[in-house]
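*Asks:*
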Amino acid sequence: MKIALPLVLFAAGLVALGLPGFAYAQSDDIDALVKKGQAIATAADCMACHTVPKTGKPYTGGYGIVSPLGTIYSSNITPSWQYGIGDYSEADFERAVRKGIRKDGSHLYPAMPYDAYGAITDTDLHALYAYFMRGVQPVDEAPKDYTALPFPFNMRISMAGWNLLFANRKPFTPDPARSEEINRGAYLVGALGHCASCHASRNILMGQGAGAPLAGGEVGPWYAPNITSDPISGIGGWTENELEQYFRTGKVEGKGQAAGGMAEAIDNSLQHLPDSDLKALAAYLKSTTPVRDPAEAKPRYAFGKPTSGEAEIRGFFQQTAHDSLKTGAELYSGFCASCHQPDGAGSANQAYPSLFHNTATGAASPANLIATILYGVQRDVGDHAILMPGFSKGSFVAELTDEQIADIANYVLTTYGNPDTKVTPQDVASARRGGPMPFLARVQPYVLPALAVAGGTVVLVFAVIIATRQTRRKSLA
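Using our numbering, read the sequence shown as starting at 79 and increasing by one per residue.
Shown next as C-alpha cells:
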C-alpha cells in the first residue's frame, strides 16, 4: 500500500493535468454538434411553424397552421422545463420527432411532419437534440393559443391508427448505386425538407396518396405543383442553376416566383442552406421519375406574350372611381397595371414579375393565381423584402369581391397565361374559405348526429328486446 499510494497519486496528478485539455476537447465537440444540429433544424424548417412571424421569439410556438380540419397551433420547443421540451430525454425527443408522440404519451397532429421526419438519421437526430437543448434559449412562456379541433378530430388517440397507416418510415440509408450528391438531395427532399408534405396528393384520410410523392397537391387555397423531372408537367425544363436560384431567391425570370408556403420555406430554410445542399436538391429533383399530366401540352411557364389593351380602355371608359371598373381589363388596369405594367411584362428589374412566361398564370389549376390575388406575396430574401399586397378582406389597397377577382384572373389568364384555365366566383369563394374541403372535413358536421342516431337506434333495439321478453314472460305466467 505504501508503494501503491504514491503511484495512485502520481496517476491522479497526470489525469488532473490533462483535464483542462480534455474539457476543451469536449467543449469543442459539443459546439460542433450544436452547430450541426442548428443546420439540421434550418434544413427541416422548424422555425417556420414554431415561431410566430415578425413578433414571436424563436421556437416558442403559437403559430396557427390553418388546416381543413381547423387551426393547429404549434408548441413551445425551447428547452423550457415548464412550457417547452426541457424535460425531454433524447428518447422522448426521438419519439416526438419520428413518431409524433409527446413525452406525456399524447399524439401530435401530422401538421408536424413526423411522417417525413421518421427518415431522419440517428446521427442527425442526435445533433438536433443537442441543438435544441444547448443552442436554443429557453423561453418560459406558454403559447397564447391552443389547438381545439372539433369532434372527432379532437380525439388525439385516433392518430395512433393514422400513424400505423402513414407514419412508418425508417431512417434514410443511401443508395449505393447513386452519387453522394443525389443521395444528399434525396435525403433533403424526402426527410428534412419534407417536400412531399405539400407536393403530394392526399387520400380521404389525409395521408399521402398512392400516386407519385412529388406530382403535386393541394395546400389549402394554394397548389404545390408537380416537381418531378417531367419537362411538361414538372421541372424538367428548368436547368439545375435555375432551380438553385429559385431555392436561394424565390424567383427565376421567365419561370416563376414563390408565394404562400413556398415563400415561407425560402424565408426560413432554403436560402440559408449551403450551396452544396442547393445543388444536391436540384440534382435530385432532375433525377426523379417524370410524372406527366395528360391534359398538359406545354410547360406552365411557356404561355403568353406582352399584350396591352390600355389605349382602348382609356379611350372609352371613365376611370375616375374604382366603382366604374366593370370588366377584367378595366380592373386589371386599375389595380394591377401600375406594378405589372399595361402589357403584363412586369417592372424592368422584375421585382414585379412578368405575367406571361409565369407558372402561376400558365398552370391548368388557377389556385395559385387566385390565392396570390387574395393573399398577396411576401418573401424576405437576405436584406430585401418582396411584397405584393393582397385584395382580400382587410387589404390596405382595396377589398375586391369574388366576382372582381374572378374577372381579373380570367383577363390575366386569357391575355397572358393559359386561356383554357377558367375562374368562377365560386372558385374565389372557396379559396377565401381555405381551399377545397377534403372528405373528412365534409363529413365532420354529420358525425355527432350520426352517433346520436346510431346510439338511439341501439337503445331502441334493446328496449324492444326487453319489452318483448317481458311480454313473453307474462304470457307464460
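Virtual Cβ for every residue (Gly too), placed ideally from N, Cα, C.
Quantities reported herein were computed from a predicted structural model and do not represent experimental measurements.
#1: Once the 5 residues before and after residue 259 are set aside, which same chain residues still bring their CB inside 7 Å of it?
#2: Would the beta-carbon of residue 418 fall within 8 Å of that of residue 424?
#3: Please give the ranges of any beta strand (DSSP E) in the region 300-368, keeping only runs that are unbroken, at least 3 residues long and fully inside the region.
#4: Tell me which residues share the same chain as residue 477 and place their Cβ nearer than 8 Å to its Cβ, disregarding the 5 neighbours each side in the sequence.
#5: Are the CB atoms of residue 192 and residue 178 nearer to each other than 8 Å?
#6: What are the boundary residues of the beta strand (DSSP E) that includes residue 484?
#7: Please list, in chain order, all residues of the same chain as residue 324 whose beta carbon is under 6 Å from its beta carbon, the five residues on each side excluded.
#8: Mind checking who residue 560 pairs with in its DSSP beta bridge?
#9: Could you work out which residue in 299, 137 and 372 is closest to residue 220 when comparing CA atoms only?
#10: Quick one: residues in its chain with C-beta nearer than 6 Å to the C-beta of residue 437, no 5 flanking neighbours on either side, listed in chain order?
#11: Mind checking who residue 296 pairs with in its DSSP beta bridge?
#12: For the region 245-256 against the region 310-329, do three or more pairs of beta-carbon atoms, one drawn from each stretch, fall closer than 8 Å, so that the two count as touching?
#13: Note down, in chain order, each residue of its chain lying with its Cβ closer than 7 Å to the Cβ of residue 485, except the 5 sequence neighbours on either side.
#14: Can you tell me whether DSSP reads residue 385 as helix, strand or coil?
#15: Roughly how many whole angstroms lie between the Cα atoms of residue 243 and residue 373?
#16: For residue 173, does the three-state DSSP call read helix, strand or coil?
#17: Within 10 angstroms of its Cβ, does residue 474 collect 16 or more other Cβ (buried), or is it exposed?
#18: Checking the sheet assignment: what are the DSSP bridge partners for residue 149?
#19: Leaving out the 5 sequence neighbours to the left and right, which residues in its chain are closer than 7 Å to residue 300 when beta-carbon positions are compared?
#20: Confirm, please, whether the CB-CB distance from residue 371 to residue 442 is below 8 Å.
#21: Just to confirm the assignment, what range does the beta strand (DSSP E) spanning residue 464 have?
#22: Out of curiosity, what's the CA-to-CA distance linking residue 271 and residue 121?
#23: Judging by CA-CA distance, which residue of 291, 365, 498 and 147 is the nearest neighbour of residue 189?
#24: In the structure shown, what three-state DSSP assignment does residue 256 receive?
#25: Check for me: the beta strand (DSSP E) holding residue 457 runs from which residue to which?
#26: Can you have a look at residue 125 and say buried or exposed, based on whether 16 or more other CB atoms are within 10 angstroms of its CB?
#27: Could you tell me the alpha carbon to alpha carbon distance between residue 431 and residue 314, rounded to whole angstroms?
#28: Measure the CB-CB distance between residue 341 and residue 455 and report whether it falls below 8 Å.
#29: Given this structure, state the Cα-to-Cα distance separating residue 175 from residue 127, to the nearest angstrom.
#30: So, under 8 Å CB-CB, residue 369 and residue 312 are touching, yes? Tell me the CB distance rounded to an integer number of Å.
*Replies:* Checking against the coordinates, here is how it stands:
#1: Walking along the sequence shown from the start, residue 259 turns up at place 181. Close CB contacts of residue 259 within its chain, under the 7 Å cut and outside five residues either way in sequence, are with 357, 358 and 361 (chain order).
#2: Here residue 418 is taken as the residue at index 340 of the sequence shown, counted from 1. Here residue 424 is taken as the residue at index 346 of the sequence shown, counted from 1. Going by beta carbons, residue 418 and residue 424 fall inside the 8 Å limit.
#3: Those beta strand (DSSP E) runs which fall completely within the region 300-368 and span 3+ residues are 300-302.
#4: The residue you call residue 477 lines up with position 399 of the sequence shown. Closer than 8 Å at Cβ, skipping near neighbours: 469, 470 and 471.
#5: The residue given as residue 192 occupies position 114 in the sequence shown. The residue given as residue 178 occupies position 100 in the sequence shown. For the 8 Å CB-CB criterion, residue 192 and residue 178 form a contact.
#6: Position 406 of the sequence shown holds residue 484. Unbroken run through residue 484 is the alpha helix (DSSP H), 480-494; no beta strand (DSSP E).
#7: Numbered from its first residue, the sequence shown carries residue 324 at position 246. So the list reads 330, once near-sequence residues are dropped.
#8: Outside the displayed span of the chain (79 to 555) sits residue 560, for which this structure offers no information.
#9: Within the sequence shown, residue 220 is the residue found at index 142, counting from 1. For residue 220, the nearest C-alpha among the options comes from 137.
#10: For the purposes of this step, residue 437 is identified with residue 359 of the sequence shown, where counting begins at 1. Here the set comprises 334, 378 and 379.
#11: As a position in the sequence shown, residue 296 is number 218, starting the count at 1. For residue 296, which the question treats as bridged, DSSP gives the partners 301.
#12: The region 245-256, when compared against the region 310-329, does not touch it at the 8 Å Cβ threshold.
#13: Against the sequence shown, residue 485 aligns to sequence position 407. Excluding sequence neighbours, residue 485 sits near 405, 406 and 409.
#14: As a first step, residue 385 is located in the sequence shown; it is residue number 307 there, counting from the start. In this structure, residue 385 counts as coil in the three-state DSSP scheme.
#15: Mapped onto the sequence shown, residue 243 falls at position 165. Mapped onto the sequence shown, residue 373 falls at position 295. If you draw a straight line from the Cα of residue 243 to the Cα of residue 373, it comes to about 31 Å.
#16: On the sequence shown, position 95 is the one that residue 173 refers to. Correct three-state label for residue 173: helix.
#17: Against the sequence shown, residue 474 aligns to sequence position 396. Flag for residue 474 reads exposed.
#18: As a first step, residue 149 must be located in the sequence shown, where it is residue number 71. Answer is 144, bridged to residue 149.
#19: Indexing the sequence shown from 1 puts residue 300 at position 222. Excluding its 5 nearest sequence neighbours in each direction, residue 300 has C-beta neighbours in its own chain below 7 Å: 338, 339, 445, 446 and 449, listed in chain order.
#20: Translated into positions along the sequence shown, residue 442 becomes position 364. Translated into positions along the sequence shown, residue 371 becomes position 293. With respect to residue 371, residue 442 sits close: the two C-beta atoms are nearer than 8 Å.
#21: Locating residue 464 in the sequence shown gives position 386, where the first residue counts as 1. Residue 464 -> beta strand (DSSP E) spans 462-466.
#22: Translated into positions along the sequence shown, residue 271 becomes position 193. Translated into positions along the sequence shown, residue 121 becomes position 43. Their Cα atoms are separated by approximately 6 Å.
#23: Counted from its first residue, the sequence shown places residue 189 at position 111. The shortest C-alpha separation from residue 189 is found at 147.
#24: The count along the sequence shown starts at 1 and reaches residue 256 at position 178. When DSSP states are grouped into helix, strand and coil, residue 256 belongs to the coil group.
#25: Within the sequence shown, residue 457 is the residue found at index 379, counting from 1. It spans 455-459 - the beta strand (DSSP E) in which residue 457 sits, taken as one unbroken run.
#26: Within the sequence shown, the letter at position 47 stands for residue 125. Residue 125 is buried by the Cβ-count criterion.
#27: The sequence position of residue 431 within the sequence shown is 353, counting from 1. The sequence position of residue 314 within the sequence shown is 236, counting from 1. C-alpha separation (whole angstroms): 22 Å.
#28: Position 263 of the sequence shown, counted from the first residue, corresponds to residue 341. Position 377 of the sequence shown, counted from the first residue, corresponds to residue 455. Closer than 8 Å, so yes.
#29: Taking the first residue of the sequence shown as 1, we reach residue 175 at position 97. Taking the first residue of the sequence shown as 1, we reach residue 127 at position 49. Cα to Cα, the separation comes out at about 14 Å.
#30: Within the sequence shown, numbered from 1, the residue matching residue 369 stands at position 291. Within the sequence shown, numbered from 1, the residue matching residue 312 stands at position 234. Sure, about 7 Å apart at Cβ, within 8 Å.
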